[in-house]
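Protein sequences, first through last, are from chains A and B.
Quick note on the working numbering: the first sequence kicks off at 2 and runs consecutively.
Quick note on the working numbering: the second sequence kicks off at 20 and runs consecutively.
Each residue gets a CB set at the ideal place from its N, CA and C atoms; glycine is no exception.
Take a look at the structure set out below.
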Amino acid sequence: MVDSQTVLSGPITAADGTPLKKKLAQALFRSRVRAVSLVVPLLAFVLASFVIPIFALMWQGVYNDRFSTYTPNLSDQLSKWDGLGEPDEDLFVALVADLKKARKDRTIGRIATRVNQEYPGTRSLFTSTARKAKKLKAPFKESVIKTNKKWANIEVWRAMKITSQDLTPSFYATALDGRYTVDKGFVKQNENRQIYVKLFWRTFMISATVMALCLLLGYPVAYLLATLPLRSSNLLMIMVLLPFWTSLLVRTTAWIAILQSQGVINDLMVAMGITADDSRFSLIYNMTGTIIAMTHILLPFMILPLYSVMKTIPPSYMRAARSLGATPTMAFIKVYVPQTIPGVGAGGLLVFILAIGYYITPALVGGQDGQLISNMIAYHMQKSLNWSLAAALGGILLAGVLLLYWIYDRVIGIDNMKLG
Amino acid sequence: MVQAKDPFVSFKGVQKSYDGETLVVKNLNLDIASGEFLTMLGPSGSGKTTCLMMLAGFETATHGDIELGGSPINNIPPHKRGIGMVFQNYALFPHMTVGENLAFPLNVRKVPKAEVEEKVRSVLDMVQMNAFIDRKPAQLSGGQQQRIALARALVFSPELVLMDEPLGALDKQLREHMQYEIKHIHENLGVTVVYVTHDQSEALTMSNRIAVFDDGVIQQLADPVTLYEKPENSFVAQFIGENNQMVGTVKSVSKGIATINLDSGAEVKALAVNISGVGSRTTLSVRPERCVVLTKKSATVSRLDAKIEELIYLGDHIRCRMNVAGDDQFIMKVPNTSGQLGLEIGASLQIGWQNNDCRALDFKELV
Ligand SMILES: Nc1ncnc2c1ncn2[C@@H]1O[C@H](COP(=O)(O)OP(=O)(O)OP(=O)(O)O)[C@@H](O)[C@H]1O
Ligand SMILES: [Mg+2]
Numbered sequence: 002m003v004d005s006q007t008v009l010s011g012p013i014t015a016a017d018g019t020p021l022k023k024k025l026a027q028a029l030f031r032s033r034v035r036a037v038s039l040v041v042p043l044l045a046f047v048l049a050s051f052v053i054p055i056f057a058l059m060w061q062g063v064y065n066d067r068f069s070t071y072t073p074n075l076s077d078q079l080s081k082w083d084g085l086g087e088p089d090e091d092l093f094v095a096l097v098a099d100l101k102k103a104r105k106d107r108t109i110g111r112i113a114t115r116v117n118q119e120y121p122g123t124r125s126l127f128t129s130t131a132r133k134a135k136k137l138k139a140p141f142k143e144s145v146i147k148t149n150k151k152w153a154n155i156e157v158w159r160a161m162k163i164t165s166q167d168l169t170p171s172f173y174a175t176a177l178d179g180r181y182t183v184d185k186g187f188v189k190q191n192e193n194r195q196i197y198v199k200l201f202w203r204t205f206m207i208s209a210t211v212m213a214l215c216l217l218l219g220y221p222v223a224y225l226l227a228t229l230p231l232r233s234s235n236l237l238m239i240m241v242l243l244p245f246w247t248s249l250l251v252r253t254t255a256w257i258a259i260l261q262s263q264g265v266i267n268d269l270m271v272a273m274g275i276t277a278d279d280s281r282f283s284l285i286y287n288m289t290g291t292i293i294a295m296t297h298i299l300l301p302f303m304i305l306p307l308y309s310v311m312k313t314i315p316p317s318y319m320r321a322a323r324s325l326g327a328t329p330t331m332a333f334i335k336v337y338v339p340q341t342i343p344g345v346g347a348g349g350l351l352v353f354i355l356a357i358g359y360y361i362t363p364a365l366v367g368g369q370d371g372q373l374i375s376n377m378i379a380y381h382m383q384k385s386l387n388w389s390l391a392a393a394l395g396g397i398l399l400a401g402v403l404l405l406y407w408i409y410d411r412v413i414g415i416d417n418m419k420l421g
Numbered sequence: 020m021v022q023a024k025d026p027f028v029s030f031k032g033v034q035k036s037y038d039g040e041t042l043v044v045k046n047l048n049l050d051i052a053s054g055e056f057l058t059m060l061g062p063s064g065s066g067k068t069t070c071l072m073m074l075a076g077f078e079t080a081t082h083g084d085i086e087l088g089g090s091p092i093n094n095i096p097p098h099k100r101g102i103g104m105v106f107q108n109y110a111l112f113p114h115m116t117v118g119e120n121l122a123f124p125l126n127v128r129k130v131p132k133a134e135v136e137e138k139v140r141s142v143l144d145m146v147q148m149n150a151f152i153d154r155k156p157a158q159l160s161g162g163q164q165q166r167i168a169l170a171r172a173l174v175f176s177p178e179l180v181l182m183d184e185p186l187g188a189l190d191k192q193l194r195e196h197m198q199y200e201i202k203h204i205h206e207n208l209g210v211t212v213v214y215v216t217h218d219q220s221e222a223l224t225m226s227n228r229i230a231v232f233d234d235g236v237i238q239q240l241a242d243p244v245t246l247y248e249k250p251e252n253s254f255v256a257q258f259i260g261e262n263n264q265m266v267g268t269v270k271s272v273s274k275g276i277a278t279i280n281l282d283s284g285a286e287v288k289a290l291a292v293n294i295s296g297v298g299s300r301t302t303l304s305v306r307p308e309r310c311v312v313l314t315k316k317s318a319t320v321s322r323l324d325a326k327i328e329e330l331i332y333l334g335d336h337i338r339c340r341m342n343v344a345g346d347d348q349f350i351m352k353v354p355n356t357s358g359q360l361g362l363e364i365g366a367s368l369q370i371g372w373q374n375n376d377c378r379a380l381d382f383k384e385l386v
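What follows is the structure, given as structure tokens:
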């Protein structure tokens with residue numbers, strides 16, 4: 002809109018003569034500062050407890066300087082070596098020097114562990130050679146190989162060259178059942194050592210199954226919640242929320258009591274003659290146990306978003322559909338269900354994302370084949386102490402979740418999501 | 020109104036209770052002729068929606084029969100009744116476009132695709148909404164949604180269409196406009212319409228007949244003119260249009276004209292419509308436009324002293340609030356003829372009416 006007065010007298014001014022735009026910006030700035038200052042503590046907390054740790058961990062997935070820190074000479078020599086030809090005397094000299102120092106500083110264990118991650122079975126090679134390093138004489142290549150002929154194996158040297166690089170894709174390669182090699186780049190891991198992809202896949206399948214089961218079980222419950230008269234629906238709501246008020250551990254152990262082979266369900270089956278006493282069902286410490294317990298624990302996360310969406314659908318839609326000639330089933334499928342899609346999407350995404358990172362329940366009731374990728378991450382964090390690999394696994398998991406989120410946004414739209 | 024030999028819809032002794040303690044609909048008997056526009060009019064909570072829902076099949080009658088085209092439909096589920104329905108909040112499916120909404124009743128009937136398209140187009144033409152076929156309901160204004168809801172209820176050519184306060188959410192001007200449109204569509208298509216409203220002017224403009232509901236009972240069933248001119252009880256007289264009420268005791272009745280002693284002491288005459296006999300209490304009802312200012316020579320028998328409290332000039336007539344027989348809310352509409360302009364606040368005069376213009380009805384305590 003062009004105002005003739007504006008054209009003549011330049012920008013509109015406020016009562017005190019400052020240009021109106023500037024005045025407005027000032028006014029908005031003050032209120033914005035106030036708003037921001039209110040969220041600063043939360044922002045700082047989130048930054049310190051969430052964003053920074055995540056980035057730190059992600060960084061560990063591609064950066065590991067343990068080897069190069071403790072073997073400065075060797076790392077220097079390895080970086081000069083092309084990794085294709087035979088290792089020369091210089092390398093062995095550096096090796097012996099670093100091993101001697103490492104033994105004195107008691108850091109040999111760390112070096113051995115790090116190389117062992119890259120080339121399993123080499124741990125004792127380092128510790129034993131380090132023990133003898135003091136007595137070794139030049140030429141070192143010969144004497145070192147004499148102590149253990151594994152030193153003649155070029156693969157050991159190549160593994161060391163890989164580990165000497167601080168910034169490395171090798172953990173991600175491992176996490177995807179591959180290996181990063183000096184000579185051939187990325188190669189597939191040996192058949193019998195491929196575990197992670199299978200585990201990712203299993204995690205994905207179990208999460209999808211749990212999500213599907215939650216939807217199957219939760220949809221009717223949410224429907225009842227939304228349509229029952231207030232008094233009965235309140236009671237039902239309390240039963241839905243009850244799990245939230247009980248410790249996760251208690252609930253999981255309750256499942257152990259129910260599902261184990263001497264547990265309630267098996268006793269009942271035997272008592273009813275459905276199964277013989279010596280062929281009780283194994284319902285726990287396997288994938289079945291994980292799925293049952295996780296479905297139970299995640300069910301409220303499906304029911305609540307569904308309920309909040311269903312609550313807003315007035316009964317007149319179903320009535321309208323019926324008056325227009327649709328059978329109850331058709332009215333439900335064509336008119337009711339499509340309107341609950343935002344709830345299905347929200348609940349499904351929530352349950353799936355929670356399931357994909359679930360840890361305690363599979364650890365307690367999962368047995369061998371009910372373990373998820375998060376159990377493997379925990380293993381590498383706590384037992385094998387291979388944090389970099391744990392970080393790589395976690396990074397892949399995170400990427401997977403983000404990818405799912407993106408697909409969801411593409412298909413259904415995040416702003417369609419209703420969480421309550 | 021001619022009572023059809025074979026009513027299209029008929030309620031026979033229908034009762035309805037939700038809680039088993041109170042009857043929401045009490046002994047409803049109602050015949051609706053084919054092609055008729057019947058309106059259920061009544062205050063909130065009088066059971067109008069309940070009747071409509073029983074007809075549509077969403078509520079079951081506790082007692083009695085509902086017949087459609089001569090056969091009872093008590094056990095027929097809603098989707099097999101073939102009744103079009105317009106809901107108060109329109110109930111357009113939010114996840115479907117206008118076109119899909121309109122195609123819905125045809126698709127569930129497995130109508131061939133080409134025919135669906137053609138019918139949707141023609142019904143959209145009828146409500147003049149052709150340009151909006153690809154919009155979602157949320158992108159339409161209230162009046163536009165209302166038209167689509169109407170079109171959807173008509174697209175599968177039902178013989179009976181039910182409308183539950185379809186214009187309730189619209190502003191006054193749009194409501195009046197839509198009243199005429201619905202009326203025209205009814206006339207053009209010849210469908211039977213059962214219409215629910217609690218707006219009496221809406222009922223008077225649109226209907227062939229009006230059933231006035233109160234407390235689960237039809238108080239009067241008649242065409243608009245009869246309802247206005249000849250209310251049968253004091254509830255109808257009070258509910259339809261404006262009227263003045265006075266209470267008194269019947270002194271005598273002769274040739275259908277009752278003489279009544281008003282509680283204020285005056286004696287007036289009125290048409291005996293709904294009184295139980297000499298000595299019984301009665302409520303008199305007279306329309307504001309039927310009262311006249313009396314001169315010495317006037318011939319009417321009913322003469323009451325009045326004092327003007329307030330005058331409102333409305334152009335074609337003057338609305339005159341006065342104190343008559345102890346009631347200071349007595350309203351009279353004085354036509355704006357040159358001779359009458361001497362009215363003044365505080366002036367005392369005498370008013371009266373023709374015997375037939377005042378109706379002696381059942382007694383009801385004044386509120
Ligand atoms: N589902 C129900 N359960 C119990 N009581 C109900 C139910 N629906 C309606 N009622 C009661 O029945 C009576 C009549 O209700 P109805 O909806 O038929 O009134 P209405 O005439 O349509 O009123 P309004 O003009 O406000 O729509 C009311 O007293 C109401 O409280
Ligand atoms: Mg109603």
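query, result
"E184 of chain B: CB within 7 Å of a non-hydrogen atom of ligand 2", "yes"
"Three-state secondary structure (DSSP) of C339 of chain B", "strand"
"Pick from A:A347, A:Y380, A:E119, A:L351 that is closest to P363 of chain A, judged by C-alpha positions", "A:Y380"
"Where N93 of chain B falls, given that 16 or more other Cβ within 10 Å makes a residue buried", "exposed"
"Buried versus exposed, by CB contacts within 10 Å (16 or more), Y409 of chain A", "buried"
"Contact check, R132 of chain A vs R107 of chain A, beta carbons under 8 Å", "no"
"I239 of chain A - DSSP class collapsed to helix/strand/coil", "helix"
"Ligand 4 site residues, beta-carbon cut 5 Å against heavy atoms", "Ligand 4 is absent from the structure shown, which contains only ligand 1 and ligand 2."
"C-alpha gap between P88 of chain A and M212 of chain A, whole angstroms", "54 Å"
"Residue-level contact to chain A via CB, N108 of chain B, 8 Å cutoff", "yes"
"Straight-line gap, L181 of chain B to A332 of chain A (C-alpha atoms, nearest Å)", "19 Å"
"Cβ shell of H336 of chain B (< 7 Å), same chain only, five flanking positions each side left out", "K352, V353, P354, N355"
"CB-CB length for K31 of chain B against E78 of chain B, believed under 8 Å", "Between E78 of chain B and K31 of chain B the Cβ distance is about 16 Å, and since that is not below 8 Å, they are no contact."
"Residues in the stretch 326-341 of chain A having any Cβ partner in chain B nearer than 7 Å", "G326, A327, T328, M331, V336, P339, Q340"
"Any non-hydrogen atom of ligand 2 within 7 Å of V215 of chain B CB", "yes"
"Coarse secondary structure for T313 of chain A, derived from DSSP in three states", "coil"
"Between the CA atoms of V105 of chain B and R338 of chain B - distance to the nearest angstrom", "39 Å"
"Extent of the continuous beta strand (DSSP E) to which I152 of chain B belongs", "Neither: I152 of chain B is in no beta strand (DSSP E) and is coded neither H nor E."
"C-alpha distance - A285 of chain B paired with T268 of chain B, whole-angstrom precision", "11 Å"
"C-alpha gap between T19 of chain A and S32 of chain A, whole angstroms", "19 Å"
"Alpha-carbon spacing of S63 of chain B relative to I342 of chain A, whole angstroms", "36 Å"
"Every unbroken alpha helix (DSSP H) inside the stretch 89-119 of chain B [4 residues or more]", "none"
"Min CB distance R323 of chain A to chain B below 8 Å", "yes"
"Cβ distance (whole Å) where K270 of chain B is taken to contact I276 of chain B below 8 Å", "Not quite, the Cβ-Cβ distance comes to about 11 Å (not below 8 Å), so this is no contact."
"Within chain A, the residues that V127 of chain B reaches when beta carbons sit closer than 9 Å", "A322, L325, G326, A327, T328, M331, A332, K335"
"Under 8 Å between C-beta atoms of V292 of chain B and A230 of chain B", "no"
"The stretch 233-251 of chain A / the stretch 319-339 of chain A touching (three or more Cβ pairs under 8 Å)", "no"
"Within-8 Å CB hit, Y409 of chain A to chain B", "no"
"Partners in chain A for A449 of chain B, counting only beta-carbon separations shorter than 9 Å", "No answer is possible for residue 449 of chain B: the residues shown for chain B start at 20 and end at 386."
"N-terminal and C-terminal residue of the beta strand (DSSP E) that G334 of chain B is part of", "Unbroken run through G334 of chain B: none, as it is neither H nor E."
"Classification of W246 of chain A by the beta-carbon crowding that lies within 10 angstroms, buried from 16 upward", "exposed"
"Chain B contacts made by the stretch 113-143 of chain A, where a contact means CB separation under 8 Å", "none"
"Chain-ordered residues of the stretch 285-318 of chain A with a beta carbon less than 8 Å from chain C", "Absent from the structure: chain C. Protein chains present are A and B."
"Nearest-angstrom Cα separation, counted from E261 of chain B out to Q373 of chain B", "18 Å"
"At least three beta-carbon pairs within less than 8 Å, the stretch 138-149 of chain B to the stretch 179-199 of chain B", "no"
"Test item: CB-CB of S304 of chain B and Q264 of chain B under 8 Å", "yes"
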